[in-house]
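Numbering (this note's numbering), first residue to last: 257 to 337.
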């Protein structure tokens, strides 16, 4: 799920999320509308704060493999073998 969809699901989500990850609401808004990329460290915090509803892959669809290579399917399969 993308961040915009997650935030639109319930009123007040943006303020709650900002508070839970220690970010400004304006940053959350910029990340949700795509005007600024979500910094990698914030991606992890958002994934945790949303209980996995919004993943690092959702937040950085074009470069998540290079930032978190451990999340690539081949690495996951090898770790589970």
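Don't be surprised by glycine CBs; every beta carbon is placed ideally from N, CA and C.
- DSSP, reduced to helix, strand and coil, places residue 309 outside both helices and strands of the structure shown, so it counts as coil.
- The continuous alpha helix (DSSP H) containing residue 261 extends over residues 259 to 264.
- For residue 320, the secondary structure class from DSSP, reduced to helix, strand or coil, is helix.
- Of the candidates 329, 328, 289 and 295, 289 places its Cα closest to the Cα of residue 261.
- Between the C-alpha atoms of residue 268 and residue 305 there is a straight-line separation of about 14 Å.
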